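Colleague:
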Amino acid sequence: MLQACDITFSYGGKAPLYQGFSVEVTPGERLCLKAPSGFGKTTLCRLLAGYEQPDAGSVLADGEPLPRTGRCPVQLIGQHPELAVDPRRRMEATLREAGPLDRGLMERLGIRDRWLARYPHELSGGELQRFCIARTLMASPRYLVADEISTMLDAITQAQVWSVILEEVRSRNLGLVLTTHSESLAHRLATRELDLTAAVCP
Amino acid sequence: MEGHSNVHRDGEFHHHHSHGASTHHAGDHHLLQVEGLTVAFRMYDDAASEGEGRRAEGEGAGGPSDGSSKPGRIARWLRDARLFLAAPQREVPVVHDLHVSVHAGEIVAVVGASGSGKTLLADAVMGLFEPNALVSGTVYFDGKPQDASSLAALRGHGISLVPQSVASLDPLMRVGRQVRGFARGGDDAARSARQRQLFARYGLGPEVERLYPFELSGGMARRVLLCCALMDNPKLIVADEPTPGLDLALAQAALADFREFADGGGGVLLITHDVEQALSVADRVAVFLDGTVVEETAVESFRSPDLLRHPFSRQLWHALPEHDFAAAPARSPEAGATAEGGQA
Numbered sequence: 001m002l003q004a005c006d007i008t009f010s011y012g013g014k015a016p017l018y019q020g021f022s023v024e025v026t027p028g029e030r031l032c033l034k035a036p037s038g039f040g041k042t043t044l045c046r047l048l049a050g051y052e053q054p055d056a057g058s059v060l061a062d063g064e065p066l067p068r069t070g071r072c073p074v075q076l077i078g079q080h081p082e083l084a085v086d087p088r089r090r091m092e093a094t095l096r097e098a099g100p101l102d103r104g105l106m107e108r109l110g111i112r113d114r115w116l117a118r119y120p121h122e123l124s125g126g127e128l129q130r131f132c133i134a135r136t137l138m139a140s141p142r143y144l145v146a147d148e149i150s151t152m153l154d155a156i157t158q159a160q161v162w163s164v165i166l167e168e169v170r171s172r173n174l175g176l177v178l179t180t181h182s183e184s185l186a187h188r189l190a191t192r193e194l195d196l197t198a199a200v201c202p
Numbered sequence: 001m002e003g004h005s006n007v008h009r010d011g012e013f014h015h016h017h018s019h020g021a022s023t024h025h026a027g028d029h030h031l032l033q034v035e036g037l038t039v040a041f042r043m044y045d046d047a048a049s050e051g052e053g054r055r056a057e058g059e060g061a062g063g064p065s066d067g068s069s070k071p072g073r074i075a076r077w078l079r080d081a082r083l084f085l086a087a088p089q090r091e092v093p094v095v096h097d098l099h100v101s102v103h104a105g106e107i108v109a110v111v112g113a114s115g116s117g118k119t120l121l122a123d124a125v126m127g128l129f130e131p132n133a134l135v136s137g138t139v140y141f142d143g144k145p146q147d148a149s150s151l152a153a154l155r156g157h158g159i160s161l162v163p164q165s166v167a168s169l170d171p172l173m174r175v176g177r178q179v180r181g182f183a184r185g186g187d188d189a190a191r192s193a194r195q196r197q198l199f200a201r202y203g204l205g206p207e208v209e210r211l212y213p214f215e216l217s218g219g220m221a222r223r224v225l226l227c228c229a230l231m232d233n234p235k236l237i238v239a240d241e242p243t244p245g246l247d248l249a250l251a252q253a254a255l256a257d258f259r260e261f262a263d264g265g266g267g268v269l270l271i272t273h274d275v276e277q278a279l280s281v282a283d284r285v286a287v288f289l290d291g292t293v294v295e296e297t298a299v300e301s302f303r304s305p306d307l308l309r310h311p312f313s314r315q316l317w318h319a320l321p322e323h324d325f326a327a328a329p330a331r332s333p334e335a336g337a338t339a340e341g342g343q344a
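These protein sequence lines are chains A and B, in that order.
Going by the numbering used here, the first sequence opens with residue 1, and the numbers climb by one from there.
Going by the numbering used here, the second sequence opens with residue 1, and the numbers climb by one from there.
Structure representation (structure tokens):
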């Protein structure tokens, strides 16, 4: 189970975004976080994936705190793939950060071999996002955090990429946390929806 | 360029597009017209460079003894230099023979698959070219043919871009300063007033102008980018995916602002993958596939998938989560032409 237990978090002395907030996701569950723009959805995603440390409280994956180094069992896919890759590395090197290439997965995500030798600026946002998703799934996560990952994708690619992710989530029994601004997409994907505005400020 | 009368017959095909019942030319002419645009990137031949890399590596590991003598080292250096200079390059076409036009007072939505070259269209209109890009074709703005330098001169002074990536903001400058810019012989106080007015209109509080880009949420950053574009009252806005990351209400508000801008006589080239959103606000839709526009049609044609001519337009409609969420088989821009051929 991925748990955030009584976490408090604020940016540099400002009013806390979260105070004594708790949430949990079990393997196989697909939780959609809902809140208006600027509320702190991305911050919560980063906390759950260990990119930020809570000021108080803890984030536990299967009862263990997230490791500070090495492979993290919680993997984050972000909203801006161009900020998640090294602009001076070719895509193959970026993908190999997660280990040996999984050709089958790459093919299902529609990643072409010829893209591997390119630099990030030679690919579109949607193509980059496929690399980010492949890298995340190759890192053998137990929990996935998907923060607005398909906003830059066209409808066809969005359907394709999500069908691959859902397949992996089901077959590996992963827990999934996602955020999206699309009501219809949330209804398609989530098994549970959590309204943060109500959960944080009761 | 020829002038236009204000009235075209319904469905009349001219300049590579047709008009619907309610979308006749508002002005005398096309505000923006792109004809036969082709963009190719010159890059090293993937296959050839990989082969060389491997060969060089193998030899280096195999012969450390002959590498230690000076003549051997020089010979190898010369050979490597020759290989480096002779590495074959090829031109990879990304956009080919693209036609699209925007009239004063209208929003034209360019919708299509990611990776099909939509952003390159925006770059070409803005005169932003990568050093290894080869661009041909004709761009008219306000009836006058443009070249790279005149397009660059129009950038921000006639044509404004709302870019796709929030990384376009300077990470080291407070956003208020970025939106105001540095007035060239202008009045900084007036620009401040304009910036505050824009911020207020887009729901950005006065405290936001003191923030740095990393302190903004995704939605706030997009609104800051929109404010930058509107600062100098452009004639044409090229909006490259302006709404991802905005919640539904804000996205609709942003689109309503584009609509208002167009109704005031401006033109908007709205590049987006969000078909539903495009249809809610645009006058005409250009369906983009594999680097070109396959169907440029009135919004009315999109009411039902049966009215769409191209199979890709129908595929887009069916893939929407509110319709069938139908995943097409894995495809890519390069493989797309053959896949489409098979389905058509």
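Beta carbons are placed, not taken as given, at the ideal position from N, Cα and C, and that holds for glycine.
It should be emphasised that the depicted structure is a prediction, and the values quoted were computed from it without experimental measurement.
Checking the sheet assignment: what are the DSSP bridge partners for H30 of chain B?
Modeller: B:H103
Colleague: Under a three-way DSSP split, which group does D257 of chain B fall into?
Modeller: helix
Colleague: So within the segment 14 to 57 of chain A, which uninterrupted alpha helix (DSSP H) runs reach at least 4 residues, ignoring any that extend past its ends?
Modeller: 41 to 48
Colleague: Within the chosen definition, does the segment 143 to 154 of chain B reach the segment 163 to 172 of chain B through at least 3 CB pairs nearer than 8 Å?
Modeller: no
Colleague: How would you call E322 of chain B, buried or exposed, if buried means at least 16 neighbouring beta carbons within 10 angstroms?
Modeller: Classification of E322 of chain B: exposed, given that the 10 Å Cβ count is below 16.
Colleague: Compare the C-beta of F129 of chain B against all C-beta atoms of chain A and say whether one is closer than 8 Å.
Modeller: no
Colleague: Under 9 Å Cβ-Cβ, which residues of chain B neighbour V97 of chain A?
Modeller: Reading off the sequence shown, one finds Glu at residue 97 of chain A, where the question assumed Val. At a beta-carbon threshold of 9 Å, none of the residues of chain B lie near E97 of chain A; the nearest stands roughly 20 Å away.
Colleague: Which residue's Cα is closest to the Cα of I159 of chain B: B:Q178, B:R174, B:S304 and B:V139?
Modeller: B:V139
Colleague: Counting C-beta neighbours from all protein chains within 10 Å, is the total for G218 of chain B 16 or more, i.e. buried, or is it exposed?
Modeller: By the neighbour-count definition (other C-beta atoms within 10 Å, threshold 16), G218 of chain B is a buried residue.
Colleague: What did DSSP end up calling M43 of chain B once you bin it into helix, strand or coil?
Modeller: strand
Colleague: 8 Å is my cut-off, CB to CB: does Q75 of chain A come that close to chain B?
Modeller: no
Colleague: For D232 of chain B, which of B:E215, B:R194, B:R82 and B:V125 has the nearest alpha-carbon?
Modeller: Of B:E215, B:R194, B:R82 and B:V125, the smallest CA-CA separation from D232 of chain B is found for B:R194.
Colleague: For G51 of chain B, which residues from the same chain have a beta carbon less than 6 Å from its beta carbon, with the 5 sequence-adjacent residues on both sides left out?
Modeller: Residue placement at G51 of chain B is flagged as unreliable, the pLDDT there being 48, under the threshold of 50; a coordinate-derived value is accordingly withheld.
Colleague: Identify each residue in the segment 153 to 166 of chain A for which the Cβ-Cβ distance to at least one residue of chain B is less than 9 Å, and report them in chain order.
Modeller: Along the segment 153 to 166 of chain A, the positions whose C-beta sits under 9 Å from a C-beta of chain B are L153, D154, A155, I156, T157, Q158, A159, Q160, V161, W162, S163 and V164, read in chain order.
Colleague: Counting only runs that start and end within the segment 198 to 273 of chain B, where is the beta strand (DSSP E) found for 3 or more residues in a row?
Modeller: 236 to 240 and 267 to 272
Colleague: First and last residue of the alpha helix (DSSP H) that includes D123 of chain B?
Modeller: K118 to M126
Colleague: Between F325 of chain B and chain A, is any beta-carbon pair separated by less than 8 Å?
Modeller: yes
Colleague: Between the C-alpha atoms of P123 of chain A and Q252 of chain B, what's the straight-line distance to the nearest angstrom?
Modeller: According to the sequence provided, residue 123 of chain A is Leu. The question's Pro does not apply to it. Roughly 29 Å separates the two Cα atoms.
Colleague: Under 8 Å, do P27 of chain A and L174 of chain A count as touching if we go by C-beta distance?
Modeller: Cβ atoms of P27 of chain A and L174 of chain A: closer than 8 Å.
Colleague: Can you pull the chain A residues whose beta carbon is under 9 Å from the beta carbon of V275 of chain B, in chain order?
Modeller: D154 and A155
Colleague: Tell me, please, which residues DSSP counts as bridged to T292 of chain B.
Modeller: B:L289
Colleague: Nearest-angstrom Cα distance between I237 of chain B and A286 of chain B?
Modeller: Roughly 16 Å separates the two Cα atoms.
Colleague: Select from A:L153, A:V23, A:R90 and A:S182 the residue whose C-alpha is nearest the C-alpha of H121 of chain A.
Modeller: A:R90
Colleague: Could you check the C-alpha separation between L128 of chain B and C5 of chain A for me, to the nearest Å?
Modeller: 49 Å
Colleague: With distances taken between CB atoms, is the gap from E240 of chain B to L134 of chain B smaller than 8 Å?
Modeller: The question names Glu, yet the displayed sequence has Asp at residue 240 of chain B. Contact flag unset, no.
Colleague: So, is the C-beta of L316 of chain B closer than 8 Å to a C-beta in chain A?
Modeller: Interface residue, yes.
Colleague: Alpha carbon to alpha carbon, what distance is there between V39 of chain B and L47 of chain A?
Modeller: 42 Å
Colleague: For the beta strand (DSSP E) that contains C5 of chain A, what are its first and last residues?
Modeller: L2 to F9
Colleague: Taking 8 Å as the cut-off, does the segment 137 to 152 of chain A touch the segment 179 to 190 of chain A (at least 3 CB pairs, one atom from each stretch)?
Modeller: The segment 179 to 190 of chain A is in contact with the segment 137 to 152 of chain A.
Colleague: What are the boundary residues of the alpha helix (DSSP H) that includes L134 of chain B?
Modeller: Run containing L134 of chain B: none in the alpha helix (DSSP H); it sits in the beta strand (DSSP E), A133 to F141.
Colleague: Using three-state DSSP, classify A35 of chain B as helix, strand or coil.
Modeller: Position check: residue 35 of chain B holds Glu in this sequence, whereas Ala was assumed. Three-state DSSP puts E35 of chain B in a strand.
Colleague: Just to check my reading of the structure: V208 of chain B and F214 of chain B have Cβ atoms closer than 8 Å, yes? What is that Cβ distance to the nearest angstrom?
Modeller: Actually they are not in contact, since the Cβ atoms of V208 of chain B and F214 of chain B sit about 13 Å apart, beyond 8 Å.
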